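What follows is a short report on a single structure.
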Amino acid sequence: METISQREMRNRSGEVLRAVASGDSFTISNDGVPVALLTPIDTTESLRIARPAKKRGGFSTLPRVKIDRPTSEDLDDLRGDR
16 METISQREMR
26 NRSGEVLRAV
36 ASGDSFTISN
46 DGVPVALLTP
56 IDTTESLRIA
66 RPAKKRGGFS
76 TLPRVKIDRP
86 TSEDLDDLRG
96 DR
């Protein structure tokens with residue numbers, strides 16, 4: 016079992032999770048102290064999804080807002096403050 020730091024886990028999370036999915040286990044350490052064990056799960060039947068992911072963000076239901084002046088004027092005002 017390999018020991019990796021929390022920072023290494025954060026920076027290589029995709030690679031580490033693929034290794035776990037293929038059966039590897041890792042001990043996660045923080046400041047050199049082991050704090051977690053990352054192991055593959057035996058079955059997904061015991062895991063319940065609290066809220067399934069949505070395919071759409073719901074932005075299409077937001078009302079459209081009309082503005083009186085072009086956005087470029089606001090950007091020009093902001094650039095003038097530099």
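Position one of the sequence shown corresponds to residue 16 (the numbering used here), numbered consecutively onward.
Idealized CB from N, CA, C, for every residue including glycine.
A quick note: this is a predicted structure, and the numbers were derived from the prediction, not measured.
(request) Quick one: give me the first and last residue of the alpha helix (DSSP H) that residue 101 is part of. (result) Nothing about residue 101 can be read from this structure; the chain reaches only from 16 to 97.
(request) Between the Cα of residue 40 and those of 47, 74, 24, spot the shortest distance and give me the residue it belongs to. (result) 24
(request) Answer yes if the stretch 31 to 39 comes into contact with the stretch 51 to 58, meaning at least three C-beta pairs across the two stretches below 8 Å, and no otherwise. (result) The stretch 51 to 58 is in contact with the stretch 31 to 39.
(message) To the nearest angstrom, how far is the alpha carbon of residue 30 from that of residue 76?
(response) 37 Å
(message) Please report the straight-line C-alpha distance between residue 81 and residue 20, rounded to a whole angstrom.
(response) 50 Å
(message) DSSP three-state label for residue 54, please.
(response) coil
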